[in-house]
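Participant: Below: one structure in C-alpha coordinates.
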Amino acid sequence: MTTDIQDPVARAAQLLKGHRESIDRLDAILVYTLGERFKHTQAVGRLKAEHDLPPSDPTREAAQIARLEDLAQQADLDPEFAKAFLNFIIGEVIRHHKKHQE
1 MTTDIQDPVA RAAQLLKGHR ESIDRLDAIL VYTLGERFKH TQAVGRLKAE
51 HDLPPSDPTR EAAQIARLED LAQQADLDPE FAKAFLNFII GEVIRHHKKH
101 QE
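Residue 74 in the UniProt record's numbering is what sits at position 74 of the sequence shown, and the numbering runs on without skipping anything.
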(Lines of atoms letter the chains of each structure in order from A and count residues from 1; the text may use other names and numbers.)
(Lines give C-alpha, C1' and ligand atoms only; values in the text may rest on other atoms or scores of the structure.)
Protein backbone atom coordinates (compact mmCIF):
# COMPACT_ATOMS: atom_id res chain seq x y z
CA MET A 1 0.00 0.00 0.00
CA THR A 2 1.40 3.41 -0.92
CA THR A 3 0.95 6.49 1.21
CA ASP A 4 -0.88 9.34 -0.46
CA ILE A 5 1.16 12.53 0.11
CA GLN A 6 -2.12 14.47 -0.06
CA ASP A 7 -3.35 12.69 3.08
CA PRO A 8 -2.88 15.31 5.86
CA VAL A 9 -2.04 12.72 8.50
CA ALA A 10 0.54 11.02 6.28
CA ARG A 11 2.02 14.41 5.35
CA ALA A 12 2.20 15.40 9.04
CA ALA A 13 3.90 12.09 9.88
CA GLN A 14 6.44 12.68 7.10
CA LEU A 15 7.17 16.22 8.33
CA LEU A 16 7.43 15.00 11.93
CA LYS A 17 9.92 12.32 10.88
CA GLY A 18 12.08 14.93 9.13
CA HIS A 19 12.04 17.24 12.15
CA ARG A 20 12.95 14.40 14.49
CA GLU A 21 15.85 13.33 12.27
CA SER A 22 17.14 16.92 12.35
CA ILE A 23 16.75 17.07 16.13
CA ASP A 24 18.68 13.80 16.49
CA ARG A 25 21.54 15.15 14.35
CA LEU A 26 21.60 18.40 16.33
CA ASP A 27 21.63 16.49 19.62
CA ALA A 28 24.68 14.57 18.42
CA ILE A 29 26.37 17.85 17.44
CA LEU A 30 25.63 19.29 20.90
CA VAL A 31 27.04 16.26 22.70
CA TYR A 32 30.24 16.17 20.64
CA THR A 33 30.64 19.94 20.92
CA LEU A 34 30.25 19.81 24.70
CA GLY A 35 32.76 16.96 24.82
CA GLU A 36 35.27 19.06 22.89
CA ARG A 37 34.55 22.09 25.07
CA PHE A 38 35.15 20.10 28.25
CA LYS A 39 38.48 18.80 26.91
CA HIS A 40 39.62 22.41 26.71
CA THR A 41 38.20 23.38 30.09
CA GLN A 42 39.92 20.36 31.64
CA ALA A 43 43.22 21.61 30.21
CA VAL A 44 42.48 25.07 31.61
CA GLY A 45 41.74 23.49 35.01
CA ARG A 46 45.06 21.65 35.00
CA LEU A 47 46.92 24.85 34.07
CA LYS A 48 45.17 26.78 36.82
CA ALA A 49 46.02 24.08 39.36
CA GLU A 50 49.67 23.95 38.26
CA HIS A 51 50.00 27.71 38.67
CA ASP A 52 47.86 28.11 41.81
CA LEU A 53 45.24 30.16 40.00
CA PRO A 54 41.68 30.27 41.33
CA PRO A 55 39.26 27.79 39.73
CA SER A 56 36.78 30.58 39.01
CA ASP A 57 37.24 33.78 36.99
CA PRO A 58 34.13 35.91 37.66
CA THR A 59 35.15 38.62 35.18
CA ARG A 60 35.50 36.13 32.32
CA GLU A 61 32.34 34.30 33.37
CA ALA A 62 30.32 37.54 33.29
CA ALA A 63 31.75 38.42 29.86
CA GLN A 64 30.92 34.95 28.56
CA ILE A 65 27.35 35.17 29.84
CA ALA A 66 26.89 38.58 28.20
CA ARG A 67 28.38 37.22 24.97
CA LEU A 68 26.10 34.19 25.01
CA GLU A 69 23.03 36.33 25.69
CA ASP A 70 23.92 38.42 22.63
CA LEU A 71 24.45 35.30 20.52
CA ALA A 72 21.15 33.90 21.78
CA GLN A 73 19.30 37.01 20.67
CA GLN A 74 20.95 36.80 17.24
CA ALA A 75 19.93 33.13 17.01
CA ASP A 76 16.36 33.87 18.12
CA LEU A 77 16.90 31.80 21.28
CA ASP A 78 15.53 32.83 24.66
CA PRO A 79 18.45 34.71 26.29
CA GLU A 80 17.35 33.58 29.76
CA PHE A 81 17.53 29.95 28.65
CA ALA A 82 20.98 30.56 27.14
CA LYS A 83 22.12 32.26 30.35
CA ALA A 84 20.85 29.40 32.51
CA PHE A 85 22.51 26.87 30.19
CA LEU A 86 25.88 28.64 30.33
CA ASN A 87 25.63 29.07 34.11
CA PHE A 88 25.11 25.31 34.38
CA ILE A 89 28.16 24.64 32.19
CA ILE A 90 30.29 27.16 34.09
CA GLY A 91 29.28 25.51 37.36
CA GLU A 92 30.41 22.13 36.03
CA VAL A 93 33.67 23.59 34.77
CA ILE A 94 34.43 25.20 38.15
CA ARG A 95 33.61 21.93 39.89
CA HIS A 96 36.12 20.13 37.64
CA HIS A 97 38.73 22.86 38.18
CA LYS A 98 38.37 22.47 41.95
CA LYS A 99 38.99 18.73 41.60
CA HIS A 100 42.30 19.48 39.88
CA GLN A 101 43.34 21.56 42.85
CA GLU A 102 42.69 18.86 45.43
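The C-beta atom is built at its ideal place from N, Cα and C for all residues, glycine as well. Bear in mind the structure is a predicted one, so any value in this text is a computation, not a measurement.
1) In chain order, what residues of the same chain lie with their CB nearer than 6 Å to the CB of residue 79, ignoring the 5 residues before and after it?
2) How many whole angstroms separate the CB atoms of residue 55 and residue 97, which I take to be in contact at a CB cut-off of 8 Å?
3) Return helix, strand or coil for residue 92, following the three-state DSSP convention.
4) Report the rounded CA-to-CA distance for residue 62 versus residue 28, giving the unit in angstroms.
5) Using only alpha-carbon positions, find the residue among 64, 102 and 24 that is nearest to residue 89.
6) If you follow the alpha helix (DSSP H) that residue 50 is part of, which residue opens it and which one closes it?
7) Counting along the chain, where does the alpha helix (DSSP H) carrying residue 70 start and finish?
Facilitator: Let me lay it out:
1) As a first step, residue 79 is located in the sequence shown; it is residue number 79 there, counting from the start. Cβ neighbours of residue 79 beyond the five flanking positions: 69, 72 and 73.
2) In the sequence shown, the residue the question calls residue 55 occupies position 55. In the sequence shown, the residue the question calls residue 97 occupies position 97. 3 Å between Cβ atoms; contact.
3) Reading the sequence shown from its first residue, position 92 is the one you call residue 92. Looking at residue 92 - three-state DSSP - the assignment turns out to be helix.
4) The count along the sequence shown starts at 1 and reaches residue 62 at position 62. The count along the sequence shown starts at 1 and reaches residue 28 at position 28. Taking the straight line from one Cα to the other gives about 28 Å.
5) The sequence position of residue 89 within the sequence shown is 89, counting from 1. Taking only the C-alpha atoms, the option nearest residue 89 is 64.
6) Counted from its first residue, the sequence shown places residue 50 at position 50. Segment 8-50, the alpha helix (DSSP H) holding residue 50.
7) Within the sequence shown, the letter at position 70 stands for residue 70. First-last of the alpha helix (DSSP H) with residue 70: 58-74.
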